[in-house]
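See structure below.
Protein chains: 2
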Amino acid sequence: MVDTDIVLFPDDPDYPTHPCHNHDLREAIMSGKQIKIAIIGSGTIGLSFAALHLLKNDAADVAVFDTRPDLDEYVKRHLPGYLNVEDSGRYMNRLTIAKTLAEAVENAYAVQEQGPEKLDFKVSVWPGIEQHALRDALFWSSTSGIPASEQCKNMQDKSRLIVVHPFNPPHIMPVLELVPSPATSNDVIDRTLSYWRGLGCSPVVVKKECTGFVVNRLAFALFREACSLVSSGVVSVEDLDEIVTTSMGPRWAVAGPFKAYHAGGGEDGLSGFMSKIGGTVQGCWDASADDVGKHGIVVGGEWQEAICQQAEEAYGLVDTKERDETTKKVLEAVGRG
Amino acid sequence: MVDTDIVLFPDDPDYPTHPCHNHDLREAIMSGKQIKIAIIGSGTIGLSFAALHLLKNDAADVAVFDTRPDLDEYVKRHLPGYLNVEDSGRYMNRLTIAKTLAEAVENAYAVQEQGPEKLDFKVSVWPGIEQHALRDALFWSSTSGIPASEQCKNMQDKSRLIVVHPFNPPHIMPVLELVPSPATSNDVIDRTLSYWRGLGCSPVVVKKECTGFVVNRLAFALFREACSLVSSGVVSVEDLDEIVTTSMGPRWAVAGPFKAYHAGGGEDGLSGFMSKIGGTVQGCWDASADDVGKHGIVVGGEWQEAICQQAEEAYGLVDTKERDETTKKVLEAVGRG
Numbered sequence: 001m002v003d004t005d006i007v008l009f010p011d012d013p014d015y016p017t018h019p020c021h022n023h024d025l026r027e028a029i030m031s032g033k034q035i036k037i038a039i040i041g042s043g044t045i046g047l048s049f050a051a052l053h054l055l056k057n058d059a060a061d062v063a064v065f066d067t068r069p070d071l072d073e074y075v076k077r078h079l080p081g082y083l084n085v086e087d088s089g090r091y092m093n094r095l096t097i098a099k100t101l102a103e104a105v106e107n108a109y110a111v112q113e114q115g116p117e118k119l120d121f122k123v124s125v126w127p128g129i130e131q132h133a134l135r136d137a138l139f140w141s142s143t144s145g146i147p148a149s150e151q152c153k154n155m156q157d158k159s160r161l162i163v164v165h166p167f168n169p170p171h172i173m174p175v176l177e178l179v180p181s182p183a184t185s186n187d188v189i190d191r192t193l194s195y196w197r198g199l200g201c202s203p204v205v206v207k208k209e210c211t212g213f214v215v216n217r218l219a220f221a222l223f224r225e226a227c228s229l230v231s232s233g234v235v236s237v238e239d240l241d242e243i244v245t246t247s248m249g250p251r252w253a254v255a256g257p258f259k260a261y262h263a264g265g266g267e268d269g270l271s272g273f274m275s276k277i278g279g280t281v282q283g284c285w286d287a288s289a290d291d292v293g294k295h296g297i298v299v300g301g302e303w304q305e306a307i308c309q310q311a312e313e314a315y316g317l318v319d320t321k322e323r324d325e326t327t328k329k330v331l332e333a334v335g336r337g
Numbered sequence: 001m002v003d004t005d006i007v008l009f010p011d012d013p014d015y016p017t018h019p020c021h022n023h024d025l026r027e028a029i030m031s032g033k034q035i036k037i038a039i040i041g042s043g044t045i046g047l048s049f050a051a052l053h054l055l056k057n058d059a060a061d062v063a064v065f066d067t068r069p070d071l072d073e074y075v076k077r078h079l080p081g082y083l084n085v086e087d088s089g090r091y092m093n094r095l096t097i098a099k100t101l102a103e104a105v106e107n108a109y110a111v112q113e114q115g116p117e118k119l120d121f122k123v124s125v126w127p128g129i130e131q132h133a134l135r136d137a138l139f140w141s142s143t144s145g146i147p148a149s150e151q152c153k154n155m156q157d158k159s160r161l162i163v164v165h166p167f168n169p170p171h172i173m174p175v176l177e178l179v180p181s182p183a184t185s186n187d188v189i190d191r192t193l194s195y196w197r198g199l200g201c202s203p204v205v206v207k208k209e210c211t212g213f214v215v216n217r218l219a220f221a222l223f224r225e226a227c228s229l230v231s232s233g234v235v236s237v238e239d240l241d242e243i244v245t246t247s248m249g250p251r252w253a254v255a256g257p258f259k260a261y262h263a264g265g266g267e268d269g270l271s272g273f274m275s276k277i278g279g280t281v282q283g284c285w286d287a288s289a290d291d292v293g294k295h296g297i298v299v300g301g302e303w304q305e306a307i308c309q310q311a312e313e314a315y316g317l318v319d320t321k322e323r324d325e326t327t328k329k330v331l332e333a334v335g336r337g
């Protein structure tokens, strides 16, 4: 059920509507009518988002479009696995498979794109969407790295597009990085935030476009250090993972790094922490730079094969169903379930 | 109750015992007798470890020594807070307050040191401990950065010392980094591993001494990136923490970075992940180096004050009791409770 506090449209009574937009969506939802979400691209992210809208928003009808010829059969076979409930039928009832892009986006409240991760594709798809969508439909891209300011190049109204970057799989993981371009309007940011908050997700607005956005920048910084430590012979792939899952993993599920170190500083907070532990911090940063350089930790470097092989030997094919079930329990434990 | 599979001593019937060691400890424990753990240093880590031994090992008597004049009163006032159980009396019964270092370590199975984080102190304390302890007592240092190879300089038998580095607070967090020096014997490593495993902790042997050991190297690598992103104006302190607690925090509580990316590569594992996402990874690493340099992210740099202030405004004094209670629930969710 949609939370009626969700701002689907701004409070301005003169808010313009599209010519083909012959009813007030906000009132429609408050009186129990449906909104449509168009999902463009039926890969794992697309199906996971489709499941999320269907599961968390009773007022959402979901239309999926992709160019694959077996789309209908494919979606109906795989989506129930994402829904992962006994009576998936009652969710699947609100799903339609669109035959064309135009059919998918027409009358949609929001159009969510997760097509190929290529700039050419992104640049070319939005003008087509713009042509068929309501004037006030929201445009969301699930890209993990192509900023809205590059994707919007050929759009008529560049203010409508915002990146909504999930952490895979989005129907399980709460975070969504909302990354506006400088052209994105505040209205689009506000309505996007409001929609996802209403679904119980944890959207965060990233203030400036940057390479990799925030999640991957942080995660890959730790990953580089992990590769460097394994390549230095300090620890094995499996032992490093064991260390993370029994230390900063659970800590950072409860309190992020700033809050954790701020707490570590006691009454003097982060400032006290830096005074007391600063020498150790700088020592680690210096050692990191030395080791990363010495072991040539760049993508495709000599170190890479040995680490990939260790991972294969340690894990084989990972059971992501089990991982996701355990992750749900963790999220419940921290009140994010 | 101690797991009787714990290897307290090697299986060799001729294993030498100290002159004052007039009973077989292994047999003593199997027949329900007690072993003694000496805790040197009564700060937060010392009390947390004391609580851990008392809570998780019914066969452990704990002796605490520190030079503070009000030691007896201090420990008896603060330790119950770490035990955090209704009937702390039955645990406190197994606690003694030692008046001298000699009294604390005599007849101990293991001596666990968490004194001042200064090389001079560590170097000077071990010979005194060595003088009074059983010949086969284990020597553990909780240092976060001074390697055993430096601490053992003045010891007669350098093979006895190993770093047992916790993640604060150790009575809650499972990880223990066991960091031997090149001189540490395999017997000491094995018995240390065995003892902590028997308590339900997650000890991991770090294969080589290195600056900061593994946990801090990893955590500080991400922390540097976090400081850089906030200093670049990309995201606020509080939003960055929110991002971490809703993405890699819960993920890494369930699967470490290698396992997580290995799973992300599907059937091709980590190798497939690097082929597909490698460009993004390298892009993030390059951007990281640029931004860290541009914003002068070194300890004590200009960036630091603004971030500490943001943390203070966002969090004030953190309720670590609540954090620890929630962390326990997370650890239960991942089967580490």
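Those protein sequences? They're chains C and U, same order as listed.
One point on numbering: in my numbering, the residue at position 94 of the first sequence is 94, and numbering is uninterrupted.
One point on numbering: in my numbering, the residue at position 10 of the second sequence is 10, and numbering is uninterrupted.
Where is the CB? At the ideal position from N, CA and C, for every residue including glycine.
Everything numeric in this text was worked out from a predicted model, so none of it was measured.
Asked	Found
Does any residue of chain U have a CB that is nearer than 9 Å to the CB of F258/C?	yes
Check the DSSP bridge columns for A63/C and list the partner residues they point to.	A38/C and T96/C
Quick one: grab the DSSP three-state call for S141/C.	strand
Should Q156/U be flagged as near chain C, meaning a C-beta pair shorter than 9 Å?	no
So with CB distances below 7 Å, who are the chain U contacts of D190/C?	Neighbours of D190/C on chain U: none; closest Cβ ~16 Å, over 7 Å.
Which residue wins for smallest C-alpha separation from G41/U, given the options I97/U, L54/U, E238/U and L83/U?	I97/U
Note down the Cα distance separating H132/C from E73/C, rounded to an integer number of angstroms.	25 Å
Threshold first: 4 residues or longer. Then list the alpha helix (DSSP H) segments lying entirely within the stretch 140-209 of chain C, N to C.	148-151 and 186-198
Evaluate E332/C with the Cβ neighbour count: other Cβ atoms within 10 Å of its Cβ, from every protein chain shown; 16 or more gives buried, anything less gives exposed.	exposed
Is L138/C close to chain U, meaning its C-beta is less than 9 Å from at least one C-beta of that chain?	no
Answer with yes or no whether the minimum CB distance from D286/C to chain U is below 9 Å.	yes
Could you pull the start and end residues of the beta strand (DSSP E) that A110/C belongs to?	A110 to E113
Give the DSSP-derived three-state secondary structure of H295/C in the structure shown.	coil
Which chain U residues are close to I307/C, counting only those with a beta carbon under 8 Å from its beta carbon?	F258 and L270
The stretch 215-227 of chain C: which residues have C-beta closer than 7 Å to a C-beta of chain U, in chain order?	V215, N216, R217, L218, A219, F220, A221, L222, F223, R224, E225 and A226
Tell me, please, whether the CB atom of F167/U is closer than 9 Å to any CB atom in chain C?	yes
Grab the span of the alpha helix (DSSP H) containing V235/C for me, first residue to last.	Neither: V235/C is in no alpha helix (DSSP H) and is coded neither H nor E.
So that I know if they touch, is there some Cβ in chain C lying closer than 9 Å to that of G283/U?	yes
Assuming V175/C and S232/U are in contact, meaning their beta carbons sit under 8 Å apart, how far apart are those beta carbons, in whole angstroms?	Not confirmed; about 20 Å, so no contact.
For the stretch 118-134 of chain U, enumerate the residues whose C-beta is nearer than 9 Å to any C-beta of chain C, in chain order.	none
Return the chain-ordered list of same chain residues with a C-beta closer than 6 Å to the C-beta of A38/U, the five sequence neighbours on each side being excluded.	A63, A104, V105, A108 and V111
Beta-carbon within less than 6 Å of K158/U's beta-carbon, same chain only, minus the 5 sequence neighbours each way: which residues are those?	C152 and A183
Could you tell me the boundaries of the alpha helix (DSSP H) in which P257/C lies?	P257 to G264
Counting only C-beta atoms, is H262/C closer than 9 Å to chain U at any point?	yes
Rounded to whole angstroms, how far is the Cβ of F49/U from the Cβ of P170/U, which I believe are closer than 8 Å?	5 Å
Check the Cβ of Y315/C against every Cβ in chain U and list those closer than 7 Å, keeping chain order.	K259 and H262
CB-CB under 8 Å to L240/U, same chain, minus the five flanking residues each way: which ones, in chain order?	A226, L229 and V230
Note down, in chain order, each residue of its chain lying with its Cβ closer than 8 Å to the Cβ of V254/U, except the 5 sequence neighbours on either side.	V334
Say whether chain C places a C-beta atom closer than 9 Å to the C-beta of A311/U.	yes
Excluding the 5 residues preceding and the 5 following Y82/U in the sequence, name in chain order all residues of the same chain whose CB lies nearer than 8 Å to its CB.	L47, S48, A50, A51, P169 and H171
Considering only residues of the same chain and omitting the five flanking positions on each side of N22/C, which have a CB-CB separation below 7 Å?	Confidence at N22/C is low in this model, with a pLDDT of 32, below 50, so its placement is unreliable and the value that follows should be read with caution. Same-chain partners within the cutoff: there are none.
Is the separation between the beta-carbon of T245/U and that of G256/C shorter than 9 Å?	yes
Report yes or no: is there a C-beta of chain U within less than 9 Å of the C-beta of T184/C?	no
To the nearest angstrom, how far is the alpha carbon of W140/C from that of V163/C?	6 Å
Looking at the C-beta of A110/C, does it have a partner C-beta in chain U at a distance below 9 Å?	no
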